[in-house]
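The structure appears below as structure tokens.
2 protein chains.
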Amino acid sequence: MNESPALRIDTTSTTPVYRQIVDGIRSQLVEGRLAPGDALPTVRDLALELGVHFNTVAEAYRLLSAEGWLDLRRRRGAVVTARDTPQAPPKARQIFADKLRQLAAQVRAEGLTRHTVADELDALSAELRGEN
Amino acid sequence: MNESPALRIDTTSTTPVYRQIVDGIRSQLVEGRLAPGDALPTVRDLALELGVHFNTVAEAYRLLSAEGWLDLRRRRGAVVTARDTPQAPPKARQIFADKLRQLAAQVRAEGLTRHTVADELDALSAELRGEN
DNA sequence: GTATAATGTATAGAAACAATGTACAAAAGA
DNA sequence: TCTTTTGTACATTGTTTCTATACATTATAC
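Quick mapping for you: the protein sequence lines, in order, are chains U and V. All residue numbers for the first sequence refer to my numbering, where the first residue is 1400 and numbers rise by one. All residue numbers for the second sequence refer to my numbering, where the first residue is 1400 and numbers rise by one.
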């Protein structure tokens, strides 16, 4: 436990730091790289590693806890919990489709080609269909 | 021209309105649904349609203009310009891959299945490979 | 058992940001 | 030249983000 979560904080991004932390850790949770029972670094340790204030990490942990991923207790730290996946609201799929296109549009505007974007989509799709 | 850009503003989202506007319009630009020469609604018209202040739309237009998509002139409105796609920075692909996984993780956490997510990825990939 | 130290929590403040209100500037057309 | 239509500038207000500091809780040492 306490292995490094391999998070990279982009201080130039418009996405707030605490949400970058949430998004990064949630990826690992969903992908199973963090499993129930695993301990996360303490808020102070991770804050030091990322170069931010520990309250910023604490806020991220709190959000993940509110989503049901973490069990937070004083003096014991943050531990990954088992979690029932909720039922997705009806519109979730359409909203995802829209966000996906907006993300693709953004990186295409930055210069990534249709082909490159499609390759990455295929790669992730294959991962999703192959794993577990 | 002045056709409705079919933007939906989600006031519950944490993404600021002006960026929702930017993201939505950029999608249409990248996908060719808005082409050079097309006129966008005036800031006041689009603001009325979206239910926000016209300065909020103006800010969105300014960002798109800074990205090279729009030509803004008083009394004439916003017109889509021809634009050279820049060269993507070297890390762009990896950053995109990360963001893609974070987006997928987010919606999977909300309850979308691996299968559904993969289907949407495939659908967009097919669009990208098929069009033009 | 009690003291101590390690950990998350609470609250306040400063700075940046988002959205608005209002006034202004430019330019097309009457 | 006047008026109207459009984008622009700037101040204001509320919100968000991040930090600083103090506090509460609890496992462990002894």
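In this text, a Cβ means the ideal position worked out from N, Cα and C, and glycines have one as well.
{"Check": "Could you pull out every residue in the same chain whose Cβ sits closer than 7 Å to the Cβ of residue 1452 of chain V, ignoring the five residues on either side in sequence?", "Outcome": "1446"}
{"Check": "With distance defined between alpha-carbon atoms, name the residue in U:1430, U:1419 and U:1405 nearest to residue 1530 of chain U.", "Outcome": "U:1430"}
{"Check": "Quick test of your reading: residue 1469 of chain U and residue 1455 of chain U, contact by CB under 8 Å. State the CB separation rounded to the nearest angstrom.", "Outcome": "Not confirmed; about 16 Å, so no contact."}
{"Check": "Would you mind listing the alpha helix (DSSP H) stretches within the region 1445-1471 of chain V that are 4+ residues and don't spill past its ends, in chain order?", "Outcome": "1453-1465"}
{"Check": "Could you pull the start and end residues of the alpha helix (DSSP H) that residue 1525 of chain V belongs to?", "Outcome": "1513-1529"}
{"Check": "Considering only residues of the same chain and omitting the five flanking positions on each side of residue 1477 of chain U, which have a CB-CB separation below 6 Å?", "Outcome": "1439, 1460, 1469 and 1471"}
{"Check": "Is the separation between the beta-carbon of residue 1464 of chain U and that of residue 1520 of chain V shorter than 8 Å?", "Outcome": "no"}
{"Check": "Less than 8 Å between CB atoms is the rule here; does residue 1515 of chain U satisfy it with respect to chain V?", "Outcome": "yes"}
{"Check": "What is the DSSP secondary structure of residue 1436 of chain V, counted as helix, strand or coil?", "Outcome": "coil"}
{"Check": "Going by DSSP, name the residue or residues bridged to residue 1479 of chain U.", "Outcome": "U:1469"}
{"Check": "Would you mind giving the Cβ-Cβ distance between residue 1428 of chain V and residue 1491 of chain U, rounded to the nearest angstrom? I have them listed as a contact below 8 Å.", "Outcome": "Wrong, their Cβ atoms sit about 26 Å apart, outside the cutoff."}
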